[in-house]
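Working notes, structure below.
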Amino acid sequence: MAEPIRIAILKETEEGERRVAATPETVGKFIKLGAEVAVEQGAGDGARMSDAAYAEAGAKVLTGPQALDGADIVLAVRAPDPVVLAGAKPGAWIVAMHDPYQRGERVAAYAKAGFEALAMEFMPRITRAQSMDVLSSQSNLSGYKAVIHSADTFGRAFPMMMTAAGTVSPAKVFVMGVGVAGLQAIATAKRLGAQVSATDVRSATKEQIASLGAKPIFVETVEGIEGEGSGGYATEMSDEYKAAQAELVSEHIAKQDIVITTALIPGRPAPKLISDEQIASMKPGSVIYDLAVVQGGNVEGSKPDEPVEKHGVTIIGYSNTAGHLAADASALYSRNLYNFLSAFWDEEAGKPVLDEEIGDAVRLTQGGAIVNERLRGAE
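Numbered per this note's numbering, the sequence shown spans residues 25 to 403.
Have a look at this one:
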């Protein structure tokens, strides 16, 4: 019988990253599959998960180098520097969010070191992989938290309030980009009592927006813009559509109290949706939350993790919005990873064996080379 496969969970090293790639719950599940699990001391501290809880679940809680010793699979939220992975087995899987378009040098270093890098953000958006989709689970929380952050910054009430002293009007919230984050932002703003509207380049989202009780704001003068590419992701808008959208948004945005932008295109800088001129048209005290700030931002002048005030409007955007809900984000992310590995668990081999469809989609490096077709196309 083969030796049990060893899984290592590391403490995140990037500044501000409080999430962890496995929880005591998923550690216990991996052990039931027959794996040995080592957790680096303090790995769960940022998500309020103690070393004692991991030990109780059956993991060995060790120092960083000891946790990696002989690891066949390394689980992380953010892909670690290959230098810190000394001690993992040659060919070990590094399962994490690798940010491969922005960190090509690190991907090349994984290849050189002989590791097999598996990028969870490259998970195909197909039915059987839904429970493995880390982008969706983290974006859901990001959309919620963007509204909460915005409400706190706004400094006024969201719902209509009728009092003996007079009526407080509801806040007007406009969501730009109706993917997972945008839909959650709409739902959260509605629950808080705001008057909500939303737009997207994909015409199919009109019904989704309306079903949540928000008003769809769409360009009707430009035909044939579906805006949806493979896997359900938005594609780049045509110049004609951009111009029509800018005009529509300019009219609508001036009446809004809070705007939340969520537009991202994989492998490209975030599209600019809001200009300085449009910001200037908004009422003083308004708030814009840029969820795409890490990829260049949807909003002119937005900066990661640094509030910016322009024309009396506060622009905010965090580089890791989901990480502000570290416990829930870790719970969902770790279940995504467990669902991924357990779906391919070969009982006879005592380890996961990936199939071609999902394996080829998420695998970045193998056998000392970069093998992912999406990365080759980006070269």
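A virtual CB, placed ideally from N, CA and C, is assigned to each residue, including glycine.
Annotation: Val51 to Asp93 spans about 18 Å, alpha carbon to alpha carbon. Taking Val332 as the centre and dropping the five residues before and after it, the same chain places the C-beta of Gly325, Ser326 and Ile339 closer than 7 Å to its C-beta, in chain order. Under the Cβ criterion (8 Å, minimum of three pairs), the region 186 to 193 does not count as touching the region 161 to 172. In the three-state DSSP reduction, Met200 falls in the strand class (E or B).
Here the C-alpha atom of Tyr78 lies approximately 52 Å from the C-alpha atom of Glu301. Judged by DSSP secondary structure, Glu271 falls outside any beta strand (DSSP E) and instead within the alpha helix (DSSP H) spanning Asp263 to Ile277. In the three-state reduction of the DSSP assignment, Asp123 falls in the coil class, being assigned neither a helical nor a strand state.
Residue pairing for Lys327: DSSP places it in a beta bridge opposite Glu330.
Using a Cβ distance threshold of 8 Å, Ala120 and Ala95 do not count as a contacting pair. Of the residues assessed, Gly201 falls on the buried side of the cut-off, its CB having 16 or more other CB atoms within 10 angstroms. For Lys56, the uninterrupted alpha helix (DSSP H) segment begins and ends at Pro48 to Lys56. Inside the region 174 to 219, DSSP marks whole beta strand (DSSP E) runs of 3 or more residues at positions 185 to 187, 190 to 192 and 196 to 200, from first to last along the chain. When secondary structure is reduced to three states using DSSP, Tyr313 falls in the strand class. If you draw a straight line from the Cα of Asp105 to the Cα of Ser354, it is about 20 Å long.
Judged by beta-carbon spacing, Val323 lies beyond the 8 Å limit of Thr286, meaning their Cβ atoms are not closer than that value. A Cβ-Cβ contact shorter than 8 Å links Tyr362 with Lys53.
As the crow flies, the alpha-carbon of Leu365 is around 11 Å from that of Met144.
Judged by their CB atoms, Leu272 and Ala316 are not nearer to each other than the 8 Å cut-off. For Arg130, there is no enclosing beta strand (DSSP E); the enclosing alpha helix (DSSP H) has its first and last residue at Gly128 to Ala137. Straight-line spacing of the CA atoms in Thr151 and Gly309 works out to 43 Å. Gly237 is not a Cβ neighbour of Met184, given a cutoff of 8 Å. Distance from the CA atom of Ala367 to the CA atom of Ala116, rounded to whole angstroms, is 19 Å. A distance below 7 Å between beta-carbons, with the five flanking residues on each side excluded, links Gly203 to the following residues of its chain, in chain order: Ser163 and Thr286. For the options Ala45, Gly347, Ser221 and Ala393, the alpha carbon positioned closest to that of Tyr134 is the one of Ala393.
Counting only runs that start and end inside the region 137 to 167, the beta strand (DSSP E) elements of at least 3 residues fall at 140 to 143. Look at Ser74 here: in three-state DSSP terms it is coil, with no helix or strand label. Taking every protein chain shown into account, the CB of Lys35 has 16 or more other CB atoms within 10 angstroms, so this residue is buried. Measuring C-alpha to C-alpha distances from Ser160 to each of Ala141, Gly179, Arg127 and Ala205 identifies Ala205 as the nearest.
The three-state secondary structure of Asp69, taken from DSSP, is helix. Annotated three-state conformation of Asp370 is strand, per DSSP. Contact check for Ala350 and Arg42: beta-carbon distance about 4 Å, within the 8 Å limit, so the pair qualifies. The DSSP assignment places complete alpha helix (DSSP H) segments of no fewer than 4 residues inside the region 74 to 120 at 75 to 80 and 88 to 92, in order along the chain. Annotation for Val377: Phe368 and Asp370 place their beta carbon closer than 7 Å to its own, counting only its chain and skipping 5 residues before and after.
Going by beta carbons, Val220 and Val243 fall outside the 8 Å limit. When the five nearest sequence neighbours on each side are left out, the beta carbons in the same chain lying within less than 7 Å of the beta carbon of Asn344 are those of Gly40 and Glu41, in order along the chain.
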